[in-house]
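As structure tokens, the structure follows; a few thoughts come after it.
2 protein chains.
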Amino acid sequence: MKAPRTQPRKTGRPLSFDREAALEKAMLAFWESGYETTSISDLTAAMGVTAPSIYTAFGDKKQLFLEAMRRYVGDAADLKKAFVLAPTAKEAVARMMEDAARLYTGDATPRGCLLASAAATGSKDAADVRDAAARERRVIRTIIIERIESDVESGLLPPDTKTSVLADTALAITHGMSILARDGADRNALIAIAQASLSGWPDHS
Amino acid sequence: MKAPRTQPRKTGRPLSFDREAALEKAMLAFWESGYETTSISDLTAAMGVTAPSIYTAFGDKKQLFLEAMRRYVGDAADLKKAFVLAPTAKEAVARMMEDAARLYTGDATPRGCLLASAAATGSKDAADVRDAAARERRVIRTIIIERIESDVESGLLPPDTKTSVLADTALAITHGMSILARDGADRNALIAIAQASLSGWPDHS
DNA sequence: CTGATTTCATATCGTTCGTTACGAAACGAT
DNA sequence: ATCGTTTCGTAACGAACGATATGAAATCAG
Chain A
1 MKAPRTQPRK TGRPLSFDRE AALEKAMLAF WESGYETTSI SDLTAAMGVT
51 APSIYTAFGD KKQLFLEAMR RYVGDAADLK KAFVLAPTAK EAVARMMEDA
101 ARLYTGDATP RGCLLASAAA TGSKDAADVR DAAARERRVI RTIIIERIES
151 DVESGLLPPD TKTSVLADTA LAITHGMSIL ARDGADRNAL IAIAQASLSG
201 WPDHS
Chain B
1 MKAPRTQPRK TGRPLSFDRE AALEKAMLAF WESGYETTSI SDLTAAMGVT
51 APSIYTAFGD KKQLFLEAMR RYVGDAADLK KAFVLAPTAK EAVARMMEDA
101 ARLYTGDATP RGCLLASAAA TGSKDAADVR DAAARERRVI RTIIIERIES
151 DVESGLLPPD TKTSVLADTA LAITHGMSIL ARDGADRNAL IAIAQASLSG
201 WPDHS
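Line by line, the protein sequences give chains A and B. First residue of the first sequence: 1, per my numbering; consecutive thereafter. First residue of the second sequence: 1, per my numbering; consecutive thereafter.
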């Protein structure tokens, strides 16, 4: 498990392929078929790159997946900012769910959520990869909880608000939408679910 | 892919192991690690049965999983009956969710839902197994929708009730609870989510 | 132009995968 | 007791897995 090369070297033969584009294709392959159930052979076909080139550019399969997952989730600071800037916690969650509904039903991407499906299960050999995915999910959960707590402190939400229950319900809906999307639910159905699930929120207006 | 033997033969050497007990162990193994990511070697270890015996008793890996899945979901008629006998659709869904919360956090079983995780993703070779799991999920969905429609027709729910949205929201919550259970959420947290998600339901009382 | 460095394409490596031949062993039937 | 039938344990099958060894090709520094 050698360290992959993230920034280009000054000397030596240059990469013959677009590293970012190849990573994007790898992400889509993992998104479609999962971590363990996407083979190196699948990846070489999807990325248009030979196996040794994958290993020199990304390390090994595990590191490639982790990098693809980081690319999928994006920067957590962006999500954090969106939650802080939203007028209310409820509206922030609503936007997150609607973004998810769109993401899970995109025409150019696999259905559902990479974070919810690609490493949801697997062998013991891949336990660390599942843990990494769980860690990403936990980061999102923390961002949601903190925004809800903020609304409680500022009086936008009642003092007896069950912050973790509210956040976990939003997470459950979002993760559940991933499975429904894989089962064929269309975008409007997912958005309707998101809206319906928010009707139970305490409202400050 | 020979046909497995479901009922014992009158003649020939008898099975040296308990077929039902072995199937139970196989179910637990698939539940824990997923369909494709549970190897025959894993299954022989879990079931205490050699590979050739698995093949003579169950057919092949695919048939073994399908049989294990049928054992996991149980008889759809039982779920149907529970939904019909419940006083309201809302109460039926509440009980389903609380049963799920208990099932997903059992001490003697893996966390989460076999139906939601074991065949949620995978290679193209296993597409038919995922379809079979999706079919089981669809059966549950139909049962929920039919009970909601029944309440609308009998006046227990308002005529403009969005039956499919209500059902899909319940399914999303239940499936989402599976992922949260895998991430370590405890039983009370899941039950709280179930109850919170039902607060948005139109109530007839 | 030479040498150091890095990636290239080709051809594998050893391991594990799902699955099955094979002959011996254990049963019911006659 | 013998036969037909079925499962047994042992051993191994071809295929696919993740990952590399190898030497030629391509770049930069001097």
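C-beta: ideal position from N, C-alpha, C; glycine also.
Inter-residue spacing [alpha-carbon to alpha-carbon] between residue i and residue j
i, j, result
"residue 62/A", "residue 107/B", "31 Å"
"residue 178/A", "residue 70/A", "18 Å"
"residue 44/B", "residue 67/B", "16 Å"
"residue 87/B", "residue 76/A", "45 Å"
"residue 20/B", "residue 41/B", "19 Å"
"residue 134/B", "residue 120/B", "9 Å"
"residue 149/B", "residue 139/B", "15 Å"
"residue 104/A", "residue 93/A", "16 Å"
"residue 14/A", "residue 22/B", "55 Å"
"residue 84/B", "residue 202/B", "19 Å"
"residue 110/B", "residue 47/B", "16 Å"
"residue 74/B", "residue 80/A", "43 Å"
"residue 184/A", "residue 32/A", "14 Å"
"residue 35/A", "residue 151/B", "43 Å"
"residue 113/B", "residue 122/A", "14 Å"
"residue 90/A", "residue 26/B", "43 Å"
"residue 175/B", "residue 57/A", "37 Å"
"residue 146/B", "residue 131/B", "22 Å"
"residue 200/A", "residue 169/B", "12 Å"
"residue 78/B", "residue 78/A", "47 Å"
"residue 99/B", "residue 99/A", "31 Å"
Contacts around residue i, its chain only, beta-carbon distance under 6 Å, and the 5 residues preceding and following it disregarded
i, result
"residue 17/A", "49"
"residue 28/A", "none"
"residue 30/A", "38, 65, 68, 118"
"residue 182/B", "111, 112"
Own chain partners of residue i with C-beta closer than 7 Å, once the 5 adjacent residues on each side are dropped
i, result
"residue 101/B", "177, 187, 190, 191, 194"
"residue 137/A", "115"
"residue 173/B", "97, 193, 194, 197"
"residue 180/B", "190"
"residue 2/A", "Confidence is the limiting factor: at residue 2/A the pLDDT is only 45, short of 50, which leaves the residue's position unreliable, though a coordinate-based value still follows. So the qualifying residues of the chain are 59."
Same chain only: Cβ atoms within 8 Å of residue i, ignoring 5 sequence neighbours per side
i, result
"residue 24/B", "71"
"residue 171/A", "137, 140, 141, 144"
"residue 82/B", "92, 95, 96"
"residue 11/B", "none"
"residue 159/A", "152"
Residue i, DSSP secondary structure in three states
i, result
"residue 142/A", "helix"
"residue 88/A", "coil"
"residue 15/B", "coil"
"residue 199/B", "coil"
"residue 161/A", "coil"
"residue 180/A", "helix"
"residue 185/A", "coil"
"residue 150/A", "helix"
"residue 156/B", "coil"
Contact between the region 159-169 of chain A and the region 50-58 of chain A: three or more CB pairs below 8 Å? no
Please give the ranges of any alpha helix (DSSP H) in the region 21-79 of chain A, keeping only runs that are unbroken, at least 4 residues long and fully inside the region. Counting whole runs of 4 or more residues, the region 21-79 of chain A contains the alpha helix (DSSP H) stretches 40-47, 51-58, 61-73.
With a cut-off of 8 Å, do at least 3 Cβ pairs link the region 127-134 of chain A to the region 151-158 of chain B? no
Just to confirm the assignment: which complete alpha helix (DSSP H) runs, minimum length 4, are found wholly within the region 90-126 of chain B? 114-117
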